[in-house]
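Chemist: Just so you know, the sequence shown maps onto residues 1 to 510 in full-length UniProt numbering. Every residue, glycine too, gets a C-beta built ideally from N, C-alpha and C. What follows is a structure written as structure tokens; I'll ask about it next.
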Amino acid sequence: MTRLKPPARKIPPAVADQAKLKKTSSVNSQNNNNNNHTRQGKLQMVLILVMAVCMGMTLYVNVTSTSASNMDMIQYSAAFHQAIEDFRQGAMSRKSTTTTSNQQQQSSKQQPVLGDSLIAKLSCEPHGGPADEFAQEMIYWEDIPSDALWVSPFRQKRGEHRRYMTFEPDGGGWNNIRMAMETVVGLAAAMGRTLVLPPQKQMYLLGKGDNKQKRHFGFEDFFPMQQMAMENAAIDMITMKEFLELEAMTGNLKDKATGRTSFPPYNRTDWNGLSGMEYDELREWLRTVTLVPQWNPEKCLAAFPANGDHSSVQELIDMQQTIHKEGIKIESYIGNPVPVDGPPIDRMKENLNNRRDLCVYDEAMEKEMVVHFACAHKLGLRLLVHFYEFLYLEDWKEDLWMKRFMRDHMRYNDDIQCAAARLVHMMRQLARKNGNPTGEFDSFHIRRGDFQYKNTRIPAEEILTNIRQYLTPNTTIFIATMKGTSPSLNQCESTTIYTSWMTLRICCRE
Numbered sequence: 001m002t003r004l005k006p007p008a009r010k011i012p013p014a015v016a017d018q019a020k021l022k023k024t025s026s027v028n029s030q031n032n033n034n035n036n037h038t039r040q041g042k043l044q045m046v047l048i049l050v051m052a053v054c055m056g057m058t059l060y061v062n063v064t065s066t067s068a069s070n071m072d073m074i075q076y077s078a079a080f081h082q083a084i085e086d087f088r089q090g091a092m093s094r095k096s097t098t099t100t101s102n103q104q105q106q107s108s109k110q111q112p113v114l115g116d117s118l119i120a121k122l123s124c125e126p127h128g129g130p131a132d133e134f135a136q137e138m139i140y141w142e143d144i145p146s147d148a149l150w151v152s153p154f155r156q157k158r159g160e161h162r163r164y165m166t167f168e169p170d171g172g173g174w175n176n177i178r179m180a181m182e183t184v185v186g187l188a189a190a191m192g193r194t195l196v197l198p199p200q201k202q203m204y205l206l207g208k209g210d211n212k213q214k215r216h217f218g219f220e221d222f223f224p225m226q227q228m229a230m231e232n233a234a235i236d237m238i239t240m241k242e243f244l245e246l247e248a249m250t251g252n253l254k255d256k257a258t259g260r261t262s263f264p265p266y267n268r269t270d271w272n273g274l275s276g277m278e279y280d281e282l283r284e285w286l287r288t289v290t291l292v293p294q295w296n297p298e299k300c301l302a303a304f305p306a307n308g309d310h311s312s313v314q315e316l317i318d319m320q321q322t323i324h325k326e327g328i329k330i331e332s333y334i335g336n337p338v339p340v341d342g343p344p345i346d347r348m349k350e351n352l353n354n355r356r357d358l359c360v361y362d363e364a365m366e367k368e369m370v371v372h373f374a375c376a377h378k379l380g381l382r383l384l385v386h387f388y389e390f391l392y393l394e395d396w397k398e399d400l401w402m403k404r405f406m407r408d409h410m411r412y413n414d415d416i417q418c419a420a421a422r423l424v425h426m427m428r429q430l431a432r433k434n435g436n437p438t439g440e441f442d443s444f445h446i447r448r449g450d451f452q453y454k455n456t457r458i459p460a461e462e463i464l465t466n467i468r469q470y471l472t473p474n475t476t477i478f479i480a481t482m483k484g485t486s487p488s489l490n491q492c493e494s495t496t497i498y499t500s501w502m503t504l505r506i507c508c509r510e
């Protein structure tokens with residue numbers, strides 16, 4: 001149960017417009033080019049028109065006064081910022097595709113500008129409300145400009161070939177998908193690798209129902225992935241299409257079994273909107289041209305030496321062996337956690353829990369051009385784990401940076417945050433109408449119908465009895481539950497329930 005309280009402080013409104021990235025259509029790289037000449041002709045006409053406009057603008061600037069020039073600069077600044085907004089709203093495939101070599105592309109990434117974070121801001125007025133003064137209570141993240149400059153000690157040096165991480169999204173429901181994706185982002189940052197975002201695909205339980213809603217999703221539909229990479233030196237991201245064009249179609253990927261150059265199925269680079277069968281083809285091919293770590297979060301702890309020097313890998317292994325000679329008593333940590341700046345061996349001992357092994361990012365793995373994290377249940381390969389349970393960074397300062405990074409950047413896009421803000425604002429208004437002057441209300445997420453054991457599917461009356469001790473008489477309750485699982489829970493939009501011990505006003509939403 002979560003009790004939401006009114007915001008304790010007001011934060012000045014900020015403007016940050018986030019839109020869903022546009023869905024690109026699948027294009028086979030072997031399509032014939034019969035219409036090239038026609039397209040080139042149209043392109044030439046467009047270029048001529050653009051040149052004419054530019055010449056006109058140049059003439060206008062030359063004949064205007066100084067004051068008019070100043071006004072032009074103001075207009076240019078506004079246009080520039082609008083262009084930045086348009087860039088943010090565009091497809092991820094626009095990013096860094098004009099460089100002539102892989103090394104040039106990597107070195108062209110600009111250093112983040114301190115204090116210039118768009119993710120740190122939230123304005124809901126462009127997204128249907130509520131007013132910014134009400135939306136600010138949704139902000140749980142912090143803006144720490146210096147965090148934007150941290151980079152992994154394993155980040156490749158200038159002139160070295162770019163190194164990548166590809167991955168397969170989890171096959172479970174959204175929360176499992178999100179959790180595994182956070183772990184992958186953490187691994188990419190710790191390894192200093194460029195993260196390749198999977199193509200848009202169907203996700204389990206999302207897009208069900210009629211065909212009027214979107215059915216194929218990428219992570220950029222939910223999180224500010226592009227801004228995250230733009231504002232932090234620690235991580236870089238590109239799309240699968242960019243990766244295949246940069247590395248696969250240029251012959252840089254080799255089959256691990258034969259050593260021969262390997263190209264993607266059908267020489268296809270754009271896999272957005274792919275079906276389940278097409279996705280299987282892509283991921284099976286990726287597994288043949290990459291290193292697939294056999295890292296099982298249930299059996300090992302992903303460990304990263306503090307200084308990026310692989311001579312210290314043996315020190316981590318020695319610590320792990322010492323720990324298991326002494327034994328681990330998990331109960332000793334209950335209510336007595338190791339300090340965040342505690343000795344590395346104590347922090348490792350606590351994090352290992354019942355696991356015996358370390359999955360160390362060693363020199364051999366660092367040299368691999370592409371590391372691919374598969375989701376293969378039969379092989380025990382599934383990153384269904386919270387990043388803070390799986391990643392062990394020997395340097396405690398790096399460990400805290402990782403946790404701040406996730407808190408401050410892995411938050412939902414503005415349109416999703418603002419949808420939640422509208423709901424909270426509505427509930428506060430309803431609570432005040434129901435007699436709570438401060439607008440406080442209680443909320444529940446009641447899962448129904450998808451548990452493994454049937455005895456967990458208890459009736460609403462029993463749930464009400466179980467939560468009685470936590471509720472305030474005459475309270476207003478928001479319930480999020482599943483459609484069609486219990487009429488007594490789903491047919492209660494703004495319903496008042498009278499019992500012998502309290503009155504409940506309940507507002508349900510699916």
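(1) Evaluate the contact criterion for the region 376–384 versus the region 421–438: three or more CB pairs, one atom per stretch, below 8 Å.
(2) Report all residues from its chain with a CB closer than 7 Å to the CB of residue 395; omit the five preceding and five following residues, and keep chain order.
(3) How is the beta strand (DSSP E) around residue 372 delimited, first residue to last?
(4) Is residue 513 helix, strand or coil by DSSP?
(5) Check the C-beta distance from residue 224 over to residue 119 and give it rounded, since I have them as a contact under 8 Å.
(6) What are the boundary residues of the beta strand (DSSP E) that includes residue 479?
(7) With the cut-off set at 7 Å, would you say residue 369 and residue 163 are in Cβ contact?
(8) What are the complete alpha helix (DSSP H) segments, minimum 4 residues, inside the region 320–406?
(9) Considering only the beta carbon of each residue, do residue 269 and residue 253 sit closer than 7 Å?
(10) Considering only C-alpha positions, which residue in the set 473, 214, 444, 439 is nearest to residue 463?
(11) If we ignore side chains and look at the alpha-carbon of each, how far apart do residue 97 and residue 220 end up?
(12) Quick check: what's the CA-CA separation for residue 367 versus residue 320?
(13) Look up residue 312 in the DSSP assignment and say whether it is helix, strand or coil.
(14) Measuring alpha carbon to alpha carbon, tell me which of 196, 384, 401 ends up nearest residue 237.
(15) Quick one: give me the first and last residue of the beta strand (DSSP E) that residue 185 is part of.
(16) When burial is assigned at 16 or more other CB atoms within 10 Å of the CB, is residue 277 buried or exposed?
(17) Note the first and the last residue of the continuous alpha helix (DSSP H) segment covering residue 465.
(18) Taking only runs of the alpha helix (DSSP H) that begin and end inside the region 259–314, which ones reach a length of at least 4 residues, in chain order?
(19) Nearest-angstrom Cα distance between residue 117 and residue 294?
(20) Which two residues bound the contiguous alpha helix (DSSP H) that contains residue 147?
(21) In angstroms with no decimal places, state the Cα-to-Cα distance between residue 372 and residue 166.
(22) Applying the criterion that 16 or more other CB atoms from any shown protein chain within 10 Å of the CB defines a buried residue, is residue 152 buried or exposed?
(23) In chain order, what residues of the same chain have a beta carbon less than 6 Å from the beta carbon of residue 363, not counting five sequence neighbours either side?
(24) Count the other CB atoms within 10 Å of the CB of residue 136; is the residue buried (16 or more) or exposed (fewer)?
(25) Is it buried or exposed, residue 241, if we count other Cβ atoms within 10 angstroms and call 16 or more buried?
(26) Taking the straight line between their C-alpha atoms, what separation do you get for residue 247 and residue 257?
(27) Hey, how far is the Cα of residue 475 from the Cα of residue 123?
(28) Which term fits residue 392, buried or exposed, when burial requires 16 or more other beta carbons within 10 angstroms of its beta carbon?
(29) Rounded to whole angstroms, what is the Cα-Cα separation between residue 150 and residue 234?
(30) Under the criterion of a Cβ to heavy atom distance below 6 Å, does residue 167 qualify as lining the ligand GDP?
(31) With C-beta atoms as the reference, is residue 182 less than 7 Å away from residue 402?
(32) Output the distance between the C-alpha atoms of residue 133 and residue 139, rounded to the nearest integer angstrom.
(33) Do you know how far the Cα of residue 415 is from the Cα of residue 231?
(34) Rounded to a whole number of angstroms, what is the C-alpha to C-alpha distance between residue 282 and residue 168?
(35) In angstroms with no decimal places, state the Cα-to-Cα distance between residue 413 and residue 267.
(36) Output the distance between the C-alpha atoms of residue 202 and residue 175, rounded to the nearest integer angstrom.
Modeler: From the atom records:
(1) no
(2) 306
(3) Note, residue 372: beta strand (DSSP E), 370–373.
(4) Residue 513 is absent from the structure shown; the chain starts at 1 and stops at 510.
(5) The beta carbons of residue 224 and residue 119 sit about 5 Å from each other, so the pair counts as a contact at 8 Å.
(6) 476–480
(7) yes
(8) 344–352, 363–367, 387–390
(9) no
(10) Closest in C-alpha terms to residue 463, from the list 473, 214, 444, 439, comes 444.
(11) Here the model assigns residue 97 a pLDDT of 35, short of 50, so the residue's position is not dependable, and the following value carries that caveat. A direct Cα-Cα distance of roughly 18 Å separates residue 97 from residue 220.
(12) Approximately 24 Å between the Cα atoms of the pair.
(13) helix
(14) Minimum Cα distance to residue 237 is reached at 196.
(15) Per DSSP, residue 185 belongs to no beta strand (DSSP E); it is in the alpha helix (DSSP H), 174–191.
(16) exposed
(17) 460–466
(18) 276–288
(19) Going by the C-alpha atoms only, they are around 36 Å apart.
(20) Bounds of any alpha helix (DSSP H) do not take in residue 147, whose DSSP letter is neither H nor E.
(21) Distance from the CA atom of residue 372 to the CA atom of residue 166, rounded to whole angstroms, is 5 Å.
(22) buried
(23) 310
(24) Residue 136 sits buried, since 16 or more C-beta atoms from the chains shown fall within 10 Å of its C-beta.
(25) buried
(26) 18 Å
(27) 30 Å
(28) Buried.
(29) 6 Å
(30) This structure simply doesn't include the ligand GDP, nor any ligand for that matter.
(31) no
(32) 11 Å
(33) 20 Å
(34) 10 Å
(35) Approximately 33 Å between the Cα atoms of the pair.
(36) Taking the straight line joining both Cα atoms gives about 15 Å.
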